[in-house]
């Protein structure tokens, strides 16, 4: 087992710079070494503590170790300590390749879990133009491992402000607890001796607010994702399995709602770009990097305002289909992610599954049950008369849905009943309501 970190220039660290990259990892490794050396129980597998340099000029030191050092042939797995920020939590942003037992070890042993497969998909997609020693061990040694990095306060990374006073003791303690616990679990495990039978397969993993880890095999995630897609298709398909005219109107309105939803996203993106342009012209384009909440308030408020504005303008057009349109769009994203083999497909999966479950449960709970037609009988009491009547002849209203609603009221203003007695003892009017159940299909009377 290898525990690896890359030191920057010694003179740079001595001058008080490079505290997070990578003096913190160096101190954590020394403390872990001290703890393991004083264990009363002997370790099943050996641990190599690798302090290497020459990172900034294409990772030469780690390459030299894994390709030329005699110990390299005995290495079965590694944990790499990195930094892309100053302090904060250490994020597990890469694992593997394959070897799901490494993720399972982190899930079982990490005291303060903080991991996400989203970071792995983004980093391995090439969107971030950088590499770590993880890539060297993986590509040149064919060795699986875990890659961790401090990610908070990235605006201080690789600057003269990366000093020890900006790193909290709790951050160092947290990293030490996690790494020591995970390393002890790995060197005591049977998988490290021969991991060939545990090699195949990837894992979907993420933490729940730093309290617990959720991890399951990627092939199980694929099944869950496709089941979510099927459930969405069934939910939307049931509304299309009506008469041809009603289904046609539903599909037309659904496409209209999808168009409005996508349009709101496009307008929100344009609003954010416009705000970014204004901030750039003011010479403060990177101010949000120092204060993350400021970026959320500025750009987030602009995006949310445009989305709300678009929905407000379109509330009279297919507003009742915005849930279905949002579900359809997220289902489309889920299908693309799953087909591409991205483990981060769990994000759109949750955007589909949880709203759909809530919708079905709430619909079942609040579904109106009872008769479709009602008759009212009103009898004014003695001394009371009705001054107006709000019920007209009644016309059948068609609202382009599968339901036909008969409105007996035309919305006329109803004046209060008049009584000669200011304070009657027995009320003003008696009201009776009767319900009628009609069998057969809904019909619409022909116009006169």
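Residue numbers (the numbering used here): 999 to 1446.
No residue lacks a Cβ here, since even glycine has one placed at the ideal position from N, Cα and C.
Quick caveat, the model's predicted, so the values are computed rather than measured.
Rounded to the nearest angstrom, how far is the Cβ of residue i from that of residue j, given a contact under 8 Å?
| i | j | result |
| --- | --- | --- |
| residue 963 | residue 1135 | This structure leaves residue 963 out entirely; the chain is present only between 999 and 1446. |
| residue 1076 | residue 1141 | 6 Å |
| residue 1210 | residue 1111 | 7 Å |
| residue 1354 | residue 1325 | 6 Å |
| residue 1327 | residue 1259 | 6 Å |
| residue 1246 | residue 1096 | The Cβ separation is near 49 Å, so there is no contact. |
For residue i and residue j, what's the separation of their Cα atoms in angstroms?
| i | j | result |
| --- | --- | --- |
| residue 1017 | residue 1213 | 33 Å |
| residue 1184 | residue 1333 | 36 Å |
| residue 1092 | residue 1131 | 11 Å |
| residue 1000 | residue 1041 | 14 Å |
| residue 1217 | residue 1339 | 10 Å |
| residue 1336 | residue 1329 | 10 Å |
| residue 1197 | residue 1157 | 40 Å |
| residue 1051 | residue 1057 | 8 Å |
| residue 1107 | residue 1173 | 13 Å |
| residue 1144 | residue 1307 | 45 Å |
| residue 1266 | residue 1256 | 15 Å |
| residue 1275 | residue 1287 | 16 Å |
| residue 1283 | residue 1082 | 20 Å |
| residue 1182 | residue 1033 | 10 Å |
| residue 1262 | residue 1063 | 53 Å |
| residue 1020 | residue 1166 | 15 Å |
| residue 1035 | residue 1029 | 10 Å |
| residue 1323 | residue 1224 | 19 Å |
| residue 1313 | residue 1305 | 12 Å |
| residue 1248 | residue 1237 | 8 Å |
| residue 1046 | residue 1031 | 10 Å |
| residue 1125 | residue 1159 | 27 Å |
| residue 1161 | residue 1310 | 50 Å |
| residue 1169 | residue 1232 | 48 Å |
| residue 1175 | residue 1027 | 11 Å |
| residue 1118 | residue 1039 | 35 Å |
| residue 1220 | residue 1292 | 37 Å |
| residue 1123 | residue 1222 | 23 Å |
| residue 1279 | residue 1215 | 48 Å |
| residue 1285 | residue 1227 | 41 Å |
| residue 1379 | residue 1243 | 48 Å |
| residue 1281 | residue 1164 | 26 Å |
| residue 1129 | residue 1352 | 36 Å |
| residue 1290 | residue 1116 | 20 Å |
With distance defined between alpha-carbon atoms, name the residue in the options nearest to residue i.
| i | options | result |
| --- | --- | --- |
| residue 1146 | 1284, 1167, 1225 and 1104 | 1104 |
| residue 1054 | 1038, 1258, 1005 and 1098 | 1005 |
| residue 1180 | 1098, 1102, 1074 and 1230 | 1102 |
| residue 1302 | 1234, 1264, 1245 and 1099 | 1264 |
| residue 1043 | 1349, 1084, 1078 and 1188 | 1188 |
| residue 1192 | 1359, 1226, 1266 and 1074 | 1074 |
| residue 1121 | 1099, 1109, 1090 and 1097 | 1090 |
| residue 1190 | 1331, 1310 and 1072 | 1072 |
| residue 1069 | 1128, 1048, 1079 and 1078 | 1048 |
| residue 1357 | 1246, 1029, 1234 and 1098 | 1234 |
| residue 1171 | 1133, 1109, 1078 and 1236 | 1109 |
| residue 1195 | 1035, 1099 and 1078 | 1099 |
| residue 1230 | 1311, 1331, 1293 and 1350 | 1350 |
| residue 1138 | 1280, 1066, 1290 and 1293 | 1066 |
| residue 1079 | 1023, 1125 and 1331 | 1023 |
| residue 1186 | 1226, 1293 and 1037 | 1037 |
| residue 1448 | 1227, 1243, 1341 and 1352 | An answer regarding residue 1448 cannot be provided, because it is not within the stretch 999 to 1446 covered by the chain. |
| residue 1114 | 1039, 1281, 1155 and 1208 | 1208 |
Stretch pair the segment 1338-1355 + the segment 1189-1206: three plus CB contacts closer than 8 Å: By the Cβ rule, the segment 1338-1355 counts as touching the segment 1189-1206, because three or more pairs are nearer than 8 Å.
Say whether the segment 1288-1308 touches the segment 1263-1277, bearing in mind that this needs 3 or more beta-carbon pairs closer than 8 Å, one atom from each stretch. Counting Cβ pairs under 8 Å, three or more are found: they touch.
With a threshold of 8 Å, are at least 3 pairs of Cβ atoms found where one atom belongs to the segment 1317-1326 and the other to the segment 1245-1264? The segment 1317-1326, when compared against the segment 1245-1264, does touch it at the 8 Å Cβ threshold.
Where in the segment 1069-1152 do unbroken runs of the beta strand (DSSP E), each at least 3 residues long, occur, reported from the N-terminal end onward? Listed in chain order, the complete beta strand (DSSP E) runs (minimum 3 residues) inside the segment 1069-1152 are 1076-1081, 1088-1094 and 1143-1148.
Should the segment 1082-1099 be regarded as contacting the segment 1148-1156, the criterion being three or more beta carbon pairs within less than 8 Å? Judged by pairs of C-beta atoms under 8 Å, the segment 1082-1099 touches the segment 1148-1156, as three or more such pairs exist.
Could I get the ranges of all uninterrupted alpha helix (DSSP H) runs contained in the segment 1164-1232, with 4 residues as the minimum, in chain order? Whole alpha helix (DSSP H) segments, 4+ residues: 1167-1185.
Give, in chain order, every unbroken run of the alpha helix (DSSP H) that is at least 4 residues long and sits entirely within the segment 1317-1368. Under the rule that a run must span 4 or more residues, the alpha helix (DSSP H) segments found entirely inside the segment 1317-1368 read 1320-1338 and 1344-1364.
Fully enclosed by the segment 1245-1275, which beta strand (DSSP E) runs are 3 residues long or longer? Taking only runs of at least 3 residues, no beta strand (DSSP E) segment lies wholly in the segment 1245-1275.
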